[in-house]
Amino acid sequence: MNRPQLLLIAASVALANLAYAAPASLLPVSNPFAKVSTLPFHYPAFDKIKDEHFKPAFEAGMREHLREVEAIANNKAAPTFDNTIVAMERSGQLLNRVSTTFSNLQGANTNDTLDAIDSEMQPKLAAHNDTIYLNDKLYQRVKSLHDKRDKLKLDAESKHLLERYHRDFVRAGAKLSSADKEKLKAYNSEIAGLMSKFSQNTLKEANASALVVDTRAELAGLSDTQIDAAALEAKKRGKDGKFVLTIANTTGQAALGELTNRTTRERLMAASTARGSRGGEFDNREVATRIAKLRAEKATLLGYPNFAAYWLEEETAKTPEAVNKLLAELAGPAVNNARKEAGEIQKVIDAENGGFQVAAHDWDYYTGKVRAAKYSFDESQLKPYFELNNVMLNGVFYAANKEYGISFKERHDLPVYNPDVRVFDVFDANGKQLAIFLMDMYARPNKQGGAWMNEYVTQSALLGNHPVVANHLNIPKPPAGEPTLLTWDEVRTAFHEFGHALHGMFSNVKYPTFGGANTPRDFVEYPSQVNEMWASWPEVLASYAKHYKTGAPMPRELLDKVLATKKFNMGFATTEYLAASLLDQRWHQLTPSQIPTDVLAFEAKALHDAGVDFAPVPPRYRTTYFSHAFLGGYSAGYYGYLWAEKLDADTVEWFKQNGGLSRKNGDHFRQTLLSRGGSADAMDLFRNFRGRDAEIKPLLERRGLTAE
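Have a look at this one:
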């Protein structure tokens, strides 16, 4: 989730929501997936898992899962909730073990072998999914139960699960004719393969697009540590004597705020925005248009006007019209604010006799100067107070302890897939172990960009599973012996991703389909965004914002400046996000006949028509590296961060009105919402917590979009 991004194999997302088990006889005992891990909480045995174990485990897992499903479908006994729905929940555990571990590793620590397996397995997993959801005998059993659901005397969670299964079958094409089912299978298979290709192209293109410079002078403005890291990266790539700036997945790049050499800034931004559209083997233009066309054709086949209508039916927004309305209402005010911010930047450029108009590659650098002039505050002043270990242990963990009573103990006996990964036991307020938490914070060439949370084991009372969750960031790793000092945005992202982790840790549901963060995509970001509030909460900041050399607390005047600048540059932040969200919607609101052949021309027109084509503020993601939009999880759903922020902003107001950081408030949030996963309607959960529907005023005030 990128800021969070669930990097799961899209075709197996539906499968991962099930709970699967297979006898060890399907695999040799030497394959670590042959049985449930004996490590605490079924933590993966990373030290035993080898690349060659995945393919046979996938194949055995699919065979066993289909065998289990066939037994359910052909059961001669009349359908009951237990012999059909609960049996489905219990099926396929081998496949779940391998698919969950594989997808997580392929996002965080991939290699050519894993990429090849992914390319091969994606279509097979899509076909496997279709075999289950297009099984008419199985659907008829589910339908017969659904038709009489009000007479089955089910508890609320069980009834919700039955309704979910029926809806999933129908949306997967269970009502289609035999001929149309075959068409759908072909669409799903091709889409799955293309999403794998898009993902791999995006990572490889980011590595191939890294900026190479010849001299230290070209990197003026960066710290000696950053320049040394760039030299080390160049050496790793066989370019001794040169310097390499790696490319993050977003359009903007962190170094743009510090580089004083305008030519270097321009080259870095150009390298970033050209990704996936500059020709060559990693070009994503044809991949993106083909995915869009196939999704549109799939939606039409299923009876929807476009893919966005199909996708949004399951979200809290419900319709493309609702999303369009929200984005349109905010686009004008956001761009107006961005233009005002550009005017302030231009004044600084002119005062320095710059002789040029502000461009995208200038924004971050000159925004820093505007901030310094307006608040006597330079963001670089913050970094010495944001050392990674301190931020996590005395900030993120501290806030969670104060709010929920949970505590953390690092352990070194469990295997990890990379030496940089850290592992913590998480204990509830009563001293009982609640979860295991993995922390993978550093960027690597074989790691997807962005930041996200995933689950290796999802909580389920039915299966007796406890959560094993992980957070991933992409913080540049400093040279050995140097501290890891974070930007304010990285600090905020750490709190954000831990909000997702809390959602997984606090899950207290019966069925694995509802465990953890298995909620609508435009709701799942809400709890994580709420957790961001503690990053700047004075008590929490005082705990972690300490100078990495002296241990001295951040001066009060600097803290006041941090708080005073919370709305600063919000026109830019809102505009770049809205531009990406609008692109996502435009691509997915097309019919099959409307799919363009020229990606960049379509993108330019879409931004122009939406009124967000302001050149100094490009979209946060462009089409050809927009993983959220083209990898399944956030397709037609990138708007969800803003949609969820309405709930988040209103919730922050509730916390403030009720005393802020306290166990009473945290326990209420946990009990009414975080612990419930997807076991009830998302907006009902919000109303249970808040006592009413969300109001938009707090969001507008936060974004600075109200009239001054």
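Just so you know, the sequence shown maps onto residues -21 to -1, 1 to 687 in mature numbering (1 follows the signal peptide of the UniProt record, and there is no 0). Yeah, the Cβ is synthetic: ideal placement off N, Cα and C, and Gly gets one too.
| Check | Outcome |
| --- | --- |
| Which same chain residues end up closer than 7 Å to Ser178 when comparing Cβ atoms and leaving out the 5 residues on each side of it in sequence? | Ser606, Leu610 |
| Taking 6 Å as the limit between beta carbons, can you name the residues of its chain near Ala440, skipping five residues before and five after? | Lys489 |
| Just the C-alpha distance for Asn186 and Ile226, rounded to the nearest angstrom, thanks. | 7 Å |
| Would you tell me roughly how many angstroms separate the C-alpha atoms of Trp431 and Ala56, rounded to the nearest one? | 44 Å |
| Below 7 Å CB to CB, which residues in the same chain sit around Ala585 once its five sequence neighbours on both sides are set aside? | Leu561, Leu562, Arg565 |
| Is it buried or exposed, Phe365, if we count other Cβ atoms within 10 angstroms and call 16 or more buried? | buried |
| For Gln412, does the three-state DSSP call read helix, strand or coil? | strand |
| Looking at the structure shown, is Asp563 part of a helix, part of a strand, or coil, going by DSSP? | helix |
| For Tyr604 versus Asn263, is the C-beta spacing smaller than 8 Å? | yes |
| Within the same chain, show all residues whose beta-carbon is closer than 6 Å to that of Glu632, passing over the 5 residues directly before and after it, in chain order. | Pro677 |
| Out of Ala339, Leu538, Asn316, Val349, state which residue places its alpha-carbon closest to the alpha-carbon of Glu331. | Val349 |
| Could you say which of Gly410, Leu452, Ile385, Tyr435 lies nearest to Asp418 if we only look at CA atoms? | Rather than Asp, the amino acid found at residue 418 in this sequence is Met. The option with the nearest alpha carbon to Met418 is Leu452. |
| Flag this pair as yes or no: are the beta carbons of Gln427 and Gly86 separated by less than 8 Å? | yes |
| Does the beta-carbon of Pro2 have 16 or more other beta-carbons within 10 angstroms, so that it is buried, or is it exposed? | The pLDDT assigned to Pro2 is 43, lower than 50, so where the model puts this residue is not dependable; a value taken from the coordinates is nonetheless given after this. It counts as exposed. |
| I'd like to check one pair, Arg601 with Glu582: are the Cβ atoms closer than 8 Å? | yes |
| DSSP beta-bridge partners for Phe222? | Val192 |
| Compute the distance between the beta-carbons of Leu639 and Asn497, then report whether it is under 8 Å. | The sequence given here places Gly at residue 639; Leu does not occur at that position. No; because the gap between Cβ atoms is not below 8 Å, this pair is not in contact. |
| Would you list the residues sitting across from residue 702 in a DSSP beta bridge? | Outside the displayed range of the chain (-21 to 687) lies residue 702, so it cannot be described from this structure. |
| Can you list, in chain order, the residues of its chain with a C-beta nearer than 8 Å to that of Asp501? Leave out the 5 residues immediately preceding and following it. | Glu294, Thr295, Ala296, Gly616, Tyr618, Gly619, Trp622, Ala623 |
| With 16 other CB atoms within 10 Å as the buried threshold, where does Val8 fall? | exposed |
| Less than 8 Å between the beta carbons of Ala673 and Lys635, yes or no? | no |
| Rounded to a whole number of angstroms, what is the C-alpha to C-alpha distance between Asp357 and Thr544? | 11 Å |
| Put Ile675 into one of helix, strand or coil per three-state DSSP. | coil |
| Would you call the segment 133 to 144 and the segment 568 to 578 touching, i.e. three or more CB-CB distances under 8 Å? | no |
| What separation, rounded to the nearest whole angstrom, lies between the Cα atoms of Tyr22 and Met484? | 14 Å |
| To the nearest angstrom, how far is the alpha carbon of Asp663 from that of Arg649? | 15 Å |
| Excluding the 5 residues preceding and the 5 following Phe33 in the sequence, name in chain order all residues of the same chain whose CB lies nearer than 7 Å to its CB. | Val77, Phe81, Ile96 |
| Start and end of the alpha helix (DSSP H) containing residue 700? | The chain is shown only over -21 to 687; residue 700 falls outside these bounds and no answer can be derived. |
| How would you write the range of the alpha helix (DSSP H) that Glu320 sits in, first residue to last? | 299 to 330 |
| According to DSSP, is Ser386 helix, strand or coil? | strand |
| Thinking C-alpha only, which one of Arg642, His482, Glu136, Glu389 is nearest Ala659? | Glu136 |
| Where DSSP assigns a beta bridge to His451, which residues make up the other side? | Asp419, Trp431 |
| Do you know how far the Cα of Trp342 is from the Cα of Asp646? | 42 Å |
| Measure from the alpha carbon of Val470 to the alpha carbon of each residue in Glu511, Asn487, His482, Val448, then state which is nearest. | Glu511 |
| Can you check whether the CB of Thr63 is closer than 8 Å to the CB of Arg120? | yes |
| Which word fits Gln205, buried or exposed, when buried means at least 16 other C-beta atoms lie within 10 angstroms of its C-beta? | buried |
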